[in-house]
Amino acid sequence: MNARRMATVLAAATLAGSGTYLFVYLYRWEWNRAIIAGVFFLAAQMALSTAAVLGRLRAVETAQRQRPDAPSPRVLGHIREAAAPPRDHFAWLRPQSERLGVFVPILMGAGFVLSGLAWLVERIARSTAAPRLEHGLAVDLGALALPPDHLLAGAADDDDLALLLGPDARARRWR
Amino acid sequence: MAVRFLRVVLAAGLLGAGLYGLAEVTQNRPDPSYAGQVSELTLRVRTKEGYAHDVAAQGLWAQCRHTVRSRTLASPITQVGAGRFQLVVQPAIGTHGTRRLLGCLEDATTPGVSGQVVDGPRRRPA
């Protein structure tokens, strides 16, 4: 007898004994002892339930471990025979289909309507957004614009800076 | 099918009979009146850690007298031996009252005190 079986037998004996004494103590009006017996009864019950669940889990694990890697050809054959026929998703496209081919005209009509709507939106956007964007862009670029009298204002009077205005300006100065 | 039905009926009958029997033996019922009689019983008390026996006996009676309702002691608790005390209850208590009183006295009602009714209760005229 292994340890697990001994523990199970012990728990079962505890369950039976405590359950019996629970009622014996109730019959004798010994409430404190009845409560203690009830606690032992519940503890033994929980231990046995947990052991039963763990035993089942262990059996499932063992079955999983002992599962053969290669499937049985007979079972595989049955599964393949019972497989549902592949579904033809585009049967409606075939001309021999008995259904009316209304999908393509509807698609084309919807495309036409959507294209019209898109054209309308584009026209409205062009007429309203462009002036506004140009106005904002002009304001933003204004900060980057050169000063009205270019960066070398007064350079003609300075000998060294006059060089930056080119030989003509310098010649004019010496003239 | 018929055998299975019979088994179910038999199991249900046994379960019902068991439950009925359990209810019969555990149900509390009023006792007949025993006016003019007293019940005397001998209580053996064991204590721990130097708990005085007479104090323990008094405490057990104080804790358990509610189980026999309005009854009182006909005479004070008297020591009749080492750890043994005699209680005389009036009026006398019946079968169910005896079960309730003994259950309380012998239950672990008081920490460190263990009581056991070693004689009685016996009914006698007051």
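Protein chains in written order, with my numbering: chain A, 161 to 335; chain B, 205 to 330.
Beta carbons are placed, not taken as given, at the ideal position from N, Cα and C, and that holds for glycine.
In terms of Cβ geometry, B/Val-249 and B/Phe-289 form a close pair [threshold 9 Å]. For A/Gln-224, the uninterrupted alpha helix (DSSP H) run begins and ends at 191-225, by DSSP. Under the three-pair Cβ rule at 8 Å, the stretch 275-292 of chain B does not count as touching the stretch 219-230 of chain B. B/Val-292 is a Cβ neighbour of B/Val-242, given a cutoff of 9 Å. For B/Thr-276, the closest C-alpha among the options B/Ala-286, B/Gly-287, B/Gln-262, B/Thr-251 is that of B/Gln-262. Around the Cβ of A/Val-299, a 10 Å sphere holds fewer than 16 other Cβ atoms; the residue is exposed. In the three-state reduction of the DSSP assignment, A/Leu-311 falls in the coil class. When the beta-carbon positions are compared, A/Ala-211 and A/Thr-174 stay at least 9 Å from each other. Each residue's CA atom was taken as its position, placing A/Leu-253 and A/Ala-219 some 53 Å apart. Neighbours of A/Asn-192 across chain B, judged by C-beta separation under 7 Å: Asp-311, Ala-312, Thr-313. For a Cβ distance threshold of 7 Å, residue set Leu-186, Tyr-187 of chain A lies close to B/Thr-230, ordered along the chain. With contacts defined by Cβ atoms closer than 9 Å, B/Pro-325 and B/Tyr-238 do not form a contacting pair. DSSP, read as helix, strand or coil, puts A/Glu-294 in helix.
In the displayed model, B/Glu-244 falls within a strand according to three-state DSSP. Per DSSP, B/Val-293 is one residue of the beta strand (DSSP E) stretching across 288-294. In the structure shown, A/Leu-280 falls within a helical segment according to DSSP collapsed to helix, strand and coil. For the set A/Val-235, A/His-249, A/Arg-234, A/Arg-188, the Cα lying nearest the Cα of B/Thr-299 is the one of A/Arg-188.
Here B/Arg-304 is buried. Its C-beta has 16 or more other C-beta atoms within 10 Å. A Cβ-Cβ distance of about 7 Å is found for the pair B/Cys-268 and B/Thr-313, placing them in contact under the 8 Å criterion. Residue pairing by DSSP places B/Thr-276 opposite B/Gln-294 in a beta bridge. In this structure, A/Leu-182 and A/Ala-197 form a Cβ contact; the two beta carbons are roughly 4 Å apart against a cut-off of 8 Å.
Within 10 angstroms of the beta-carbon of B/Ala-215 lie fewer than 16 other beta-carbons, which makes it exposed.
When the beta-carbon positions are compared, A/Glu-221 and B/Gly-307 stay at least 9 Å from each other. Counting the other CB atoms within 10 Å of its CB gives B/Val-272 a total of 16 or more, which places it among the buried residues. The residues Gln-290, Leu-291, Val-292, Val-293, Gly-324, Pro-325, Arg-326, Arg-328, in chain order, have a CB closer than 8 Å to that of B/Glu-244 in the same chain once the five nearest residues on each side in sequence are set aside. Chain-order list of chain A residues neighbouring B/Arg-303: Tyr-187, Arg-188, Trp-189, by C-beta distance under 9 Å. Under DSSP, B/Ser-318 takes part in a beta bridge, and its partners are B/Arg-250.
Bounds of the beta strand (DSSP E) holding B/Gln-283 are 282-285. Within a 10 Å sphere around the beta-carbon of A/Ala-223 sit fewer than 16 other beta-carbons, which makes this residue exposed.
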